[in-house]
Ligand SMILES: Nc1ncnc2c1ncn2[C@@H]1O[C@H](COP(=O)(O)OP(=O)(O)OP(=O)(O)O)[C@@H](O)[C@H]1O
Ligand SMILES: [Mg+2]
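Residue numbers (this note's numbering): 116 to 302.
Quick look at the structure:
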């Protein structure tokens with residue numbers, strides 16, 4: 116479903132990605148490991164079109180998304196990808212529910228879906244709480260909820276447990292594993 120073809124990414128003199136080719140199925144948990152500075156975050160940012168590339172192609176279902184216009188890239192990024200990063204990128208002063216409503220288009224139809232997902236992630240009690248009052252583990256569950264509410268096909272998780280304690284890290288990993296039954300999760 117997702118293909119990287121001969122990707123090279125150069126920052127100034129640094130070759131962050133050197134002729135990388137990979138193929139991903141439409142489901143499953145894929146874990147990318149490597150030492151600090153080896154290009155893991157760059158790879159995820161290239162996949163989600165947050166970074167441009169110097170050579171190669173990012174292809175989703177036969178469409179070369181890396182060669183789209185900026186406007187089209189933004190549309191694709193918004194609909195295709197869910198982001199679960201070490202920094203949560205949630206809006207602190209909004210409630211959990213308000214954060215999730217930001218990524219849906221038809222709010223009547225989706226209200227049920229939000230509830231269902233919050234229940235699945237065991238955070239339904241926090242629905243009307245402001246994000247700034249949540250713990251790290253709870254916030255990270257909200258970012259996973261956001262990806263699910265959006266129905267993102269591809270979930271990109273860059274060190275999602277990096278700022279969590281062991282117990283919360285374990286919970287987040289279990290959740291990512293479980294959603295990888297229906298989504299492609301790249302960690
Ligand atoms: N915006 C940037 N400008 C210049 N160089 C960059 C930029 N982003 C990354 N790099 C360089 O590209 C290389 C790959 O960085 P990247 O962040 O992808 O590594 P990483 O594998 O995610 O590392 P870590 O495990 O520390 O998060 C590094 O040498 C880094 O210094
Ligand atoms: Mg990184």
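A virtual CB, placed ideally from N, CA and C, is assigned to each residue, including glycine.
The beta carbon of residue 156 sits closer than 7 angstroms to at least one heavy atom of ligand 2. When secondary structure is reduced to three states using DSSP, residue 238 falls in the coil class, being assigned neither helix nor strand.
Spatial neighbours of residue 196 in its own chain (CB-CB distance under 7 angstroms, excluding positions within 5 residues in sequence) are listed in chain order as 163, 267, 269 and 271. Contact between residue 171 and residue 121 holds, since their C-beta atoms are separated by about 4 angstroms, short of 8 angstroms.
In this structure, the straight-line span from the alpha carbon of residue 167 to that of residue 213 is close to 31 angstroms.
A straight-line Cα-Cα distance of about 27 angstroms links residue 194 and residue 240. Going by DSSP, residue 162 is part of the alpha helix (DSSP H) stretching over 155-162.
Sixteen is the threshold: when 16 or more other Cβ atoms of the shown chains lie within 10 Å of the Cβ of residue 255, as they do, the residue is buried. When DSSP states are grouped into helix, strand and coil, residue 193 belongs to the helix group. The Cβ atoms of residue 251 and residue 204 lie no closer than 8 angstroms to each other. In this structure, residue 177 has its beta carbon at no less than 7 angstroms from each heavy atom of ligand 2. When secondary structure is reduced to three states using DSSP, residue 226 falls in the helix class. The Cβ-Cβ distance between residue 206 and residue 302 does not fall below 8 angstroms.
Comparing alpha carbon positions, the residue from 274, 233 and 230 closest to residue 151 is 274.
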